[in-house]
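Residues 1145 to 1365 (the working numbering) make up the sequence shown, in order. Glycine is no exception: its CB is placed at the ideal position from the N, C-alpha and C atoms. Worksheet: one structure, shown below.
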Amino acid sequence: MRWVWEPGLPGTYVLQARARSRAGAWGPYARVVVTIKPEQPTPTCTRTPTATATSTPTSTPSPTSTSTPTRKPAQAAAPTAQPSPTPAVIVAVETPAPPDGPKISGPRASTARFFYGGADCGPQEITLSVEVTDPNGVTSVRLYYALADKATGAMTPWSSREMSPADGRWSCTINPAQDIPRYDAYRNAWFQVYFVATSGSGLRTQSPGYYTAYTLSRCGS
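Below, the structure is given as structure tokens:
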């Protein structure tokens, strides 16, 4: 694609363009600085007037007359043409959009609430799974998780576990006592999670955070 741009006056212009892929994604800007200089006028020559002298007669002693030199009128200089700006031609190059990373589908959970401190209240662990697809294949998926106290908002440090592929999904089972640092710090806490997937070409995708979907509670008083 070509686009002809003609500046109105001499000067320095910053021109930029970017391309959009067939999928509608915009690429980065390509910038160029163009300086339009005024055209230097061609100097013109003027004719120097010459004096015309006449001889003085010497045959008689009468007073001699001397002719006064006359100047020829100077030739008027021809008007000079005004410089016209040189049009700049910009060639837009279509930049391919960067490839997307793996696609992560919404998680599934074995339970929305699990417990620590006793087996009488309900499940003592939680299993999470996600579906991840990529044309170049998927090399790894990690689960990141932390606890957030529902009463105060205080949090434990973030931890992570590698997930395992099975039946077209990636899954991981979390046991509070074994996998969550300070799992017993809060009586009732949000079990907050998100997922990070890596494709065969090295691209990474992070899922949204699921911060109020799952709960870890203490069993008993």
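Of all the options G1245, R1257 and A1163, which has the alpha carbon lying nearest to the alpha carbon of T1359? R1257
Residues in its own chain within less than 8 Å of G1346 by CB, not counting five upstream and five downstream? none
Less than 9 Å between the beta carbons of P1151 and K1181, yes or no? no
What are the boundary residues of the beta strand (DSSP E) that D1293 is part of? V1282 to D1293
What number of angstroms, rounded off, separates the C-alpha of C1189 from the C-alpha of Y1157? Low confidence applies to C1189: its pLDDT is 48, below 50, so where it sits in the model is not reliable enough to give any reading.
Helix, strand or coil at Q1336 [DSSP, three-state]: strand
Assuming T1342 and T1283 make a contact with CB atoms under 8 Å, what is their CB distance in whole Å? 5 Å
Could you give the distance in angstroms between the alpha-carbon of W1334 and the alpha-carbon of M1307? 21 Å
A1263 versus Y1330 - alpha carbon distance: 18 Å
Are at least three pairs of beta-carbons, each pair with one atom in the segment 1290 to 1299 and one in the segment 1245 to 1256, less than 8 Å apart? no
What residues in its chain sit with their C-beta under 6 Å from that of S1351, if we drop five residues either side in the sequence? I1248, Y1338 and F1339
Under 9 Å between C-beta atoms, does Y1338 make it to chain B? Considering every chain present, this structure includes no chain B. It has just one protein chain.
Leaving out five residues on either side along the sequence, give the residues of the same chain with a beta carbon under 8 Å from the beta carbon of T1267. It is worth fixing the name first, because residue 1267 is Pro in this sequence and not Thr. So the list reads S1254, T1255, R1257, F1258 and F1259, once near-sequence residues are dropped.
How far does the alpha helix (DSSP H) with A1329 in it extend, from its first residue to its last? Element bounds for A1329: n/a, residue is neither H nor E.
Rounded separation between T1200 and E1183 - CA only: Any reading at T1200 is ruled out, since the residue's pLDDT is 48, under 50, leaving its predicted position unreliable.
Please tell me whether D1323 and R1305 are closer than 9 Å, where the distance is taken between their beta carbons. yes
Determine the DSSP secondary structure at Q1322, reduced to helix, strand or coil. helix
In DSSP terms, what K1247 is bridged to: T1277
Bounding residues of the beta strand (DSSP E) (the contiguous stretch that carries E1306): S1303 to E1306
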